[in-house]
Each structure stands twice: as structure tokens, then as C-alpha cells.
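Chains as they are written, first to last, in our numbering: chain A, 579 to 841; chain B, 579 to 841.
Protein chains: 2
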Amino acid sequence: MRVLDRGDQLRTELDAARAAGPTVGLVPTMGALHEGHASLIRRSVAECDVTAVTIFVNPLQFNDAADLAAYPADLDGDVALAAAAGADVVFAPSVAEMYPAGPPAVTVHVAGEDTMEGASRPGHFDGVATVVAKLFNLAGPCRAYFGEKDWQQLRVVRRLVADLSFPVEVVGCPTVREADGLALSSRNALLSPAEREAARVLYRALATAAIAKAAGECDARILMVNMVAKEPLATLDYAEVLPDRLLVAARFGNVRLIDNVGA
Amino acid sequence: MRVLDRGDQLRTELDAARAAGPTVGLVPTMGALHEGHASLIRRSVAECDVTAVTIFVNPLQFNDAADLAAYPADLDGDVALAAAAGADVVFAPSVAEMYPAGPPAVTVHVAGEDTMEGASRPGHFDGVATVVAKLFNLAGPCRAYFGEKDWQQLRVVRRLVADLSFPVEVVGCPTVREADGLALSSRNALLSPAEREAARVLYRALATAAIAKAAGECDARILMVNMVAKEPLATLDYAEVLPDRLLVAARFGNVRLIDNVGA
Chain A
579 MRVLDRGDQL RTELDAARAA GPTVGLVPTM GALHEGHASL IRRSVAECDV TAVTIFVNPL
639 QFNDAADLAA YPADLDGDVA LAAAAGADVV FAPSVAEMYP AGPPAVTVHV AGEDTMEGAS
699 RPGHFDGVAT VVAKLFNLAG PCRAYFGEKD WQQLRVVRRL VADLSFPVEV VGCPTVREAD
759 GLALSSRNAL LSPAEREAAR VLYRALATAA IAKAAGECDA RILMVNMVAK EPLATLDYAE
819 VLPDRLLVAA RFGNVRLIDN VGA
Chain B
579 MRVLDRGDQL RTELDAARAA GPTVGLVPTM GALHEGHASL IRRSVAECDV TAVTIFVNPL
639 QFNDAADLAA YPADLDGDVA LAAAAGADVV FAPSVAEMYP AGPPAVTVHV AGEDTMEGAS
699 RPGHFDGVAT VVAKLFNLAG PCRAYFGEKD WQQLRVVRRL VADLSFPVEV VGCPTVREAD
759 GLALSSRNAL LSPAEREAAR VLYRALATAA IAKAAGECDA RILMVNMVAK EPLATLDYAE
819 VLPDRLLVAA RFGNVRLIDN VGA
């Protein structure tokens, strides 16, 4: 497996691969890789000839400097996990490599995502769309794998590809969970043992609300609100019920977690 | 020469060409082609193996509905000119093909271009950058030819490519002028004979100011302002002097023209 830190290296490597015919799979990540990322990488490896994992904690998508500063990083561990999952290339650029002149003058703007993460994290999806556009341009035509855990992000990336006609097929992949239902997240590592225990409420609320919604008896959103309210270490950010999805976000101390399930 | 109106056709055509090795040249235009466009096409034909001309009057970049409605269109004439200049492909999509769901939710935003065209035409460069990004994504890796007549636009496109890492080499090409100095523009066709005569003042002011700037005696910007003010049919929008460029914009009746020269 090759570990690259320059955009032109990634482009050259993947262009050369494609010239010989292979399909390229791209797995964009912010590092601190866990089994959820591994499942994306393994799926790409199974479906594509060459798999590139990108690792970049993108400052543009953090509206909260403390959140950015606390975001976990472990490049050596990430490289080992990516290799074990079968990746061919890891692209781990510095901030200076991605944004050599500081914050870019040209960015991607996402309209119509003003609820949930869009409301709680102003500018977040513009930052996501900007870095994903740049990674797509460096990687070239590919299948790109994103987790459903960041469900609204997945919707934004699909919109990005459709509206700006990127030569990319977006593949959404199921959320990977701990045995007790907690969705895997790099931020889980920041939870205290008590907060980790409390965080179980998110999936419990989602799963219960999904059953209640299907049964049609009670208000699934209020059900989630009430369940999270009963957990003393949890502070609800939002609970939303869409026609096909239930979503929730809450804080546990300084750690903000999100999750969702189909409905 | 092939004339296409669907984005997937353009992508398929140019991907197939590239797979066999050739370099693709792209000449994005808004149609109503004139000798200025022909010079871009001929340069692309000389430097690339395959040349695609795009013709799309992009509503996103018009802040003035009357300007959009009045913009000249002549697809048959454009196709003939493109063919005569040696183009291999013309891509002339409808608005519905480019923006099937209406104005796109995901757009490209350009910061730091708040003067000149950016000040006079709010949202113009966002619209330009959005459609150019989409055309780049449909065309794939290429050399893209833009005229220096739209000097600020050329700067925006270079910034777009650098900041979002498009696999595109931007080539700026010299402005083509009438014998009396007027820069070729599709909008020139909208001028009355008297306005056409009056429009000579733009290049006259630029050329005179460039000489004055080099000589270092007077204020080149005030010189341009005064020269345009003496032309009764002209209403100055702006005159600017940058370290390496002189630029001017003015209205002649309902027609707004821009021009610039090196300094």
C-alpha cells in the first residue's frame, strides 16, 4: 500500500491505474479510522480494482474550533487499518497541501440543508462539499463510498455530484454499530466511561421510535425527545422524523454524537 | 463535427477520445460566436487532438433578466463557425439539461471578487464558476481556452481550478478587436450604429491610459473617466487601474460593454 501526501501524487497514481482499465474506489475519511471505515474500505476493495482512502481533517467543515482541536488523530493506526482492509493507496495531505493559500477563495455552497446538522453547524456542509469536490477532482472518475451514519452528509454529496455533474458514483453504506447499538464514530473515543454508557440512548431512542412510527400510535419525534431527556448525561440537539428516516443528535459532555435509522 | 445536447454524450465522447491518448481542448462559450471565439477554437485545434466547443447561455450568471432575454443566439451560425474553425464537437445543452431541477442547490461560490464585474453584477461570478465547474466535470481532464476580454472571469476560472484542483489547464487568449479597436463581443450586435461608433471610446481610453501610465505623468484612471465622460452615448460603470491591467466598463443605451488591456 502506498501512502501519499501530495495531491498531484494521488492524481498521477489513480490516472495511471485507470489508464490500464481498473475502476477506482474512493473512501474519503477524516482519519481515526474504526470498523465503520473498514467496512467502507472492504466494500470498495470488493467492488473496485483500486481503492484509495483519503485521510484529512478538513478545517473548513468545523464551525467549532474546540471540536476541531479535539478531533482524534492516529495516522499510523489509520495506515495499518487501511492496509488490513485491503486499500491500495492512502492519501493523507496536510492542511497546507489542501489549502496552500489559507482558506480557499472558491468554495462550494450547499443550499436547502438548513435543518439538523445544517442548523447546528453553520457552514459545515459548505466545508464538506468543498473538500469532497477537491478530493473528487484529485481522484478522478470513481465510485465513492460514504457511511449512512452521516446521513445528511450523504444526501449533500449525492446532490453535489448531481448538480455539478462529477464523474462519480456515490455509494452509501450501512452504519456499523457496537454490540449495544452505539454507532461507531471517531468521536466515541472522546467519551468518558459514563458518557459512553449514556450514549446508548441514541440508538435505543431511534430503534424504539422506528417501531412506534411503523405502528402509527404515538409521535415518534416526541418519543425520542422524551427518551433522551431521561438520560441525565445527554443534552438533545435535535430529533427529526422524515418520511424514510429518523435522526437524532445529542451532546454528552463536550462530545456531540449523531445517529439515524431507516423508517 | 458532432453536435451534442446531452451531458452524458459529451462525457462519453471525450472519455472515449482520451482513452485513445488524445488531449482534449475545451472552449466554453455562450454562443453568438464571433472571430474572438474562432481564435480560441483555432488555438485549441492547434494545441489539442480533440476540440469541444460548448454553447450555453447560463442563466445563473445573469443578474439582469433583460440582459439574459436580449442575449443574442444563433445556433446554426455557431455550428458553422465552430466547424470552420476546426472544432470536433459542439455541446449545446438546454437549460433543462444543465439544471433539470431548476436552479441547483449546490453551487460554486467565489469570494474576493467584489470589485468591477463582481460589484456591478452581484452573483455573476458564482454563476460563472458553477457552470464552468459543471462543464469541466462533464468534459474531464482538458485544456480550457478563455478570452482575456473577460479578464476578471479568466482570473476567477484560474482560481476555481487551483482552489478545487480541477484537472484542467486554463489557457488565456488575447482579445480580438475590430479595426478601430473595439473588442469583439456578442453584445456588439445589439448596438445601434451611433452606439457602435460611440463604443470606440473604450479601447481609445484604455490605450491612451496605458501609455499615460507607462509615462507616469497623470492618473490613468481619471484619464479614462474623463475620456468616457466626453462621449455623450456612453455611461461609465467603472474604470480601474491594477498593477498589470487597465479595465473599463460602460453602457451604451441598454448594452453594457467591458474591455481591458495589459499595463
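Positions of the beta carbon are idealized from the N, C-alpha and C atoms, including for glycine.
Whose C-alpha, out of the options, is nearest the C-alpha of residue i?
i: V657/A; options: P637/A, G690/A, T607/A; result: T607/A
i: G840/B; options: T708/B, V833/B, L825/B; result: L825/B
i: V635/A; options: A624/A, A616/A, I619/A, A610/A; result: A610/A
i: A663/B; options: I800/B, T629/B, D837/B; result: T629/B
i: H687/B; options: E675/B, Y677/B, S672/B, F703/B; result: F703/B
i: L618/A; options: E747/A, T685/A, G655/A, F724/A; result: F724/A
i: R829/B; options: R823/B, Y816/B, V623/B; result: Y816/B
i: V748/B; options: F714/B, A776/B, V754/B; result: F714/B
i: R699/B; options: N838/B, D645/B, G585/B, P810/B; result: D645/B
i: L762/B; options: A793/B, D837/B, V819/B; result: D837/B
i: P678/A; options: A767/B, L742/B, C796/B, K808/B; result: L742/B
i: R823/B; options: V581/B, A648/B, Q730/B; result: Q730/B
i: T685/A; options: D593/A, G705/A, V623/A; result: G705/A
i: D758/A; options: L738/A, V735/A, R736/A, V779/A; result: V779/A
i: A777/A; options: A792/A, R755/A, H612/A, A790/A; result: R755/A
i: L811/B; options: T590/B, R834/B, A651/B, L820/B; result: R834/B
i: Y649/A; options: V819/A, A597/A, I633/A; result: I633/A
i: E675/B; options: P637/B, E613/B, M802/B, C796/B; result: P637/B
i: S672/B; options: A717/B, G680/B, L592/B; result: G680/B
i: P745/B; options: R782/B, V602/B, E591/B; result: V602/B
i: D768/A; options: A616/A, V581/A, D627/A, A651/A; result: Correcting the residue type first, residue 768/A is Leu in the shown sequence and not Asp. It is A651/A.
i: G701/B; options: C626/B, D642/B, L732/B; result: D642/B
Given that residue i touches chain A, what residues does it touch there, using C-beta distances under 9 angstroms?
i: G718/B; result: G718, P719, P745
According to DSSP, simplified to helix, strand and coil, what is residue i?
i: R584/B; result: coil
i: L646/B; result: helix
i: Y723/B; result: strand
i: H612/A; result: coil
i: D704/A; result: helix
i: T601/B; result: coil
i: M831/B; result: According to the sequence displayed, residue 831/B carries Gly and not Met. Looking at G831/B - three-state DSSP - the assignment turns out to be coil, as it is neither helix nor strand.
i: F669/B; result: strand
i: N641/A; result: coil
i: G750/A; result: strand
i: Y677/B; result: coil
i: G655/B; result: helix
i: T693/A; result: coil
i: P745/B; result: coil
i: E818/A; result: strand
i: A790/B; result: helix
i: I825/A; result: Here the sequence assigns Leu to residue 825/A, which means Ile is not the residue at that position. If DSSP states are grouped into helix, strand and coil, L825/A belongs with the strands.
i: V803/B; result: helix
i: D728/B; result: helix
At the 8 angstroms Cβ level, is residue i part of the contact set with chain A, yes or no?
i: G585/B; result: yes
i: V684/B; result: yes
i: H612/B; result: no
So which residues on chain A does residue i lean against when the C-beta distance must stay under 8 angstroms?
i: L760/B; result: Within 8 angstroms Cβ-Cβ: nothing; L760/B doesn't reach chain A, min ~32 angstroms.
Please compile the residues from chain B whose C-beta is within a distance smaller than 7 angstroms of the C-beta of residue i.
i: R589/A; result: P745
i: L742/A; result: V684, A711, K712, N715
Rounded to a whole number of angstroms, what is the C-alpha to C-alpha distance between residue i and residue j?
i: V709/A; j: M694/A; result: 21 angstroms
i: D692/A; j: R737/A; result: 14 angstroms
i: Q587/A; j: P600/B; result: 22 angstroms
i: K727/B; j: P752/B; result: 7 angstroms
So which residues of chain A does residue i contact, with C-beta pairs closer than 7 angstroms?
i: G690/B; result: A683
Counting only beta-carbon separations shorter than 8 angstroms, does residue i have a partner in chain B?
i: N641/A; result: no
i: R737/A; result: yes
i: H702/A; result: no
i: A812/A; result: no
i: A670/A; result: no
i: A707/A; result: yes
i: H615/A; result: no
So residue i contacts chain B; which residues on that side make the cut at Cβ distance below 8 angstroms?
i: R823/A; result: Within chain B, no residue comes near R823/A; the closest Cβ sits about 18 angstroms away, beyond 8 angstroms.
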